[in-house]
Amino acid sequence: MTEQQYDLAVIGAGPGGYHAAVRAAQYGAKVALIEKKYVGGTCLNRGCIPTKALYASAHMIEKVEEAGEFGVEITDFKVDFAKAVDRKNKIVQELVEGIAALENAWKNDIFIGHGKINGGIPETGFEISIQSEDNRLINAKRVIIATGSSPALIPAFNIDHKRILTSDDILDPNFKIVPKRLLIIGAGVIGCEFANIFNKFGSNVIMLEYLPTPIATEEPMIVKQLQKKFQSLGIEINVSQNVLSVENTGSGVKVTTCSASVPRDQVEGAEKFTFEADLCLVSIGRAKESSNIGLEEMGIKTDRGAIKVNPKTLETAAKGIYAIGDVTGGLMLAHVAYHEADVAVANALASIGGFPVHEMTPDYNIVPATIFTSPNIGSVGLRRKVAKDRGIDILMGQFPYQSLGKAKCMGEEEGFIMVLAEKQTHKIIGASCIGTEAPELIAEIALAMQHGLTVHDVAETIHSHPTVSEMVLEGCEAVVGKAIHKKGRPIHH
Ligand code: FAD
Ligand code: NAI
-17 MTEQQYDLAV IGAGPGGYHA AVRAAQYGAK VALIEKKYVG GTCLNRGCIP TKALYASAHM
43 IEKVEEAGEF GVEITDFKVD FAKAVDRKNK IVQELVEGIA ALENAWKNDI FIGHGKINGG
103 IPETGFEISI QSEDNRLINA KRVIIATGSS PALIPAFNID HKRILTSDDI LDPNFKIVPK
163 RLLIIGAGVI GCEFANIFNK FGSNVIMLEY LPTPIATEEP MIVKQLQKKF QSLGIEINVS
223 QNVLSVENTG SGVKVTTCSA SVPRDQVEGA EKFTFEADLC LVSIGRAKES SNIGLEEMGI
283 KTDRGAIKVN PKTLETAAKG IYAIGDVTGG LMLAHVAYHE ADVAVANALA SIGGFPVHEM
343 TPDYNIVPAT IFTSPNIGSV GLRRKVAKDR GIDILMGQFP YQSLGKAKCM GEEEGFIMVL
403 AEKQTHKIIG ASCIGTEAPE LIAEIALAMQ HGLTVHDVAE TIHSHPTVSE MVLEGCEAVV
463 GKAIHKKGRP IHH
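Next comes the structure, spelled out in structure tokens:
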């Protein structure tokens, strides 16, 4: 067995891992990137990108359905899910190849196989085995673990990958079925995005959620708007449902629930509800991929699978070994993994010395979140309840898409933006938006917050007209009663 020497070994080539590898190479480090399944990780292969490709097809259907209003009569159009999947597969393949090419261009070595840390210390480097047909050993001065996550599997849900599926199954390149009836367990981000997609492709979608509300992390007003839209589309969301069993009946699936308010010890005698469908998607969160990578041997602790790190450095309990992304159990978002990659690389290389980097600390104050349903959702910063709980006095401005010229032209009048500012300083502390381009709009608010700007700073910045970006301008103006295209009262000193 050969033992190649590296400055940095990165285990896992998802957004966290591939980003860390490129960043480290930019600083001049010699990097090994180890991946057991697919370069690009969940994000490119079974997450962000394939879902957004399918969302784009679903959105196209919506636009074609509305085309008549725009003076474009499209009669007799056909929806072809298999073709949409082929398009999705092509996008994924191109992006995956692009990432591999990028790593090659930076002269990073990509090893395909299961990475495991065998031992070592920062002074001598760490030995890592790469298990594949052709087993390899490498040595690296520092290690970043970026092994990500996979769909959470609950034994009672009998996930058989035939009729009872995870998001990985649905995003498999060969999954080309539109079920007549689709049951979705878990009305979180994944559940809502798939409900939207399959509804547009013709499925009858029923959702079951344990909590009293879907996407509980978002502002209640935003959730209400989405619920209203889903209802109008015929997507049924059943909240407060305790799923007791999920069964493949041979010809379909049968799910039995009782009310989530029934105490655990009284479930047996409680009233039961049954739901039937052709397929069932279980989207109830993600499990961290932290087993069999040498954590125990290195004295690295986990909490329900999540690797524990020093929150200031992202270093684990083993000096010289860092962990980033989903496997650390924080916010499971690709852009969070990117940010953590920057931090871990800076700290790892700074600790070796001789690289043009300074130590970094992660900053989670401003993390935009997006949900690609129709309408889109975007949010950043504090929610109203959190601000209230923290005793922050707030001002809120709201502005509807229906008052925006560009949105009207686009036929995208649904939704609104709400901007929150600190009452005393008028500094922006958060915003939520539901409607067209919401995720893009929230990026401007994130930038404003990153630089401590007030609603006036944004409002005094000329936004071109007519654009959707004026939603941000008017939303900020609305905070201080100055939105031009909205009725209000005179401003007093
Ligand atoms: P991952 O992307 O999971 O990558 C980890 C990689 O490590 C994998 O390729 C895995 O094979 C590999 N690996 C694991 N163990 C080993 C080992 N021992 N040796 C070698 N390799 C190993 N986030 C967003 O920000 N926006 C979105 O729109 C979005 N949509 C999503 C849609 C879905 C359906 C899902 C499931 C997730 C979505 N996410 C989205 C979340 C996003 O995909 C994750 O937050 C992101 O991929 C995490 O990156 P990561 O690098 O930490 O882990
Ligand atoms: P999630 O945490 O968003 O939602 C899971 C939902 O399932 C929750 O509402 C939860 O209450 C519910 N649930 C849990 N157990 C249940 C049970 N036994 N019965 C019924 N309901 C149950 O997790 P999800 O949707 O699986 O997504 C995982 C992660 O992927 C998210 O945390 C998100 O960060 C990321 N993601 C991001 C996207 C984006 O940024 N656009 C898109 C998709 C996923």
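For the sequence shown, counting from 1, position 476 maps to 458 in my numbering; every step adds exactly one. Glycine is no exception: its CB is placed at the ideal position from the N, C-alpha and C atoms. Since the model is a prediction, treat every value here as computed from it, not as a measurement.
- Query: Taking the alpha carbon of LYS123 as the point to measure from, which residue in GLU51, ALA389 and GLY102 has its own alpha carbon closest?
  - Reply: GLY102
- Query: Considering only the beta carbon of each residue, do HIS408 and THR436 sit closer than 8 Å?
  - Reply: yes
- How is the alpha helix (DSSP H) around THR407 delimited, first residue to last? Where THR407 is concerned, there is no enclosing alpha helix (DSSP H), given that its DSSP letter is neither H nor E.
- Does the beta carbon of SER114 fall short of 7 Å from some heavy atom of the ligand COA? Absent from the structure shown: the ligand COA. Ligands present: the ligand FAD and the ligand NAI.
- Message: Is the beta carbon of GLY29 closer than 8 Å to that of PHE(-5)?
- Response: Checking the sequence, you will find Ala at residue -5 rather than Phe. The criterion of a C-beta distance shorter than 8 Å is not satisfied by ALA(-5) and GLY29.
- Which of the three DSSP states, helix, strand or coil, is assigned to ASP260? coil
- Quick one: Cα of ILE(-7) to Cα of THR295, how far? Inter-residue distance for ILE(-7) and THR295 is about 18 Å (C-alpha atoms, whole angstroms).
- So, helix, strand or coil for THR284, using DSSP? strand
- Should ASP308 be listed as close to the ligand FAD, given that the test is whether its C-beta is under 7 Å from any heavy atom? At least one heavy atom of the ligand FAD falls within 7 Å of the beta-carbon of ASP308.
- Hey, ASN140 and VAL228 are a contact pair by Cβ (cut 8 Å); roughly how many whole angstroms apart? 5 Å
- beta strand (DSSP E) segment containing ARG163, residue limits: 163 to 167
- Task: State the DSSP-derived secondary structure class of SER39, mapped to helix, strand or coil.
- Result: helix
- Contiguous alpha helix (DSSP H) assignments of at least 4 residues, all confined to the segment 438 to 469: DSSP runs (the alpha helix (DSSP H)) wholly in the segment 438 to 469: 452 to 461.
- Task: On a CA-only basis, which of PRO472, GLU250 and LEU226 is nearest ALA138? Give me that one, please.
- Result: LEU226
- Task: With distances taken Cα to Cα, identify the nearest neighbour of VAL235 among LYS390, CYS262 and MET431.
- Result: CYS262
- Message: What would DSSP say about SER185, mapped onto helix, strand or coil?
- Response: coil
- Query: So what does DSSP say about VAL54, is it helix, strand or coil?
  - Reply: In the displayed model, VAL54 falls within coil according to three-state DSSP, outside both helix and strand.
- Proximity test, GLY(-2) beta-carbon vs the ligand FAD heavy atom, cut-off 7 Å: Answer for GLY(-2): yes, Cβ within range of the ligand FAD.
- Sort out for me which residues DSSP pairs VAL228 with in a bridge. VAL237
- Item | GLU271 and GLY130 closer than 8 Å at C-beta | yes
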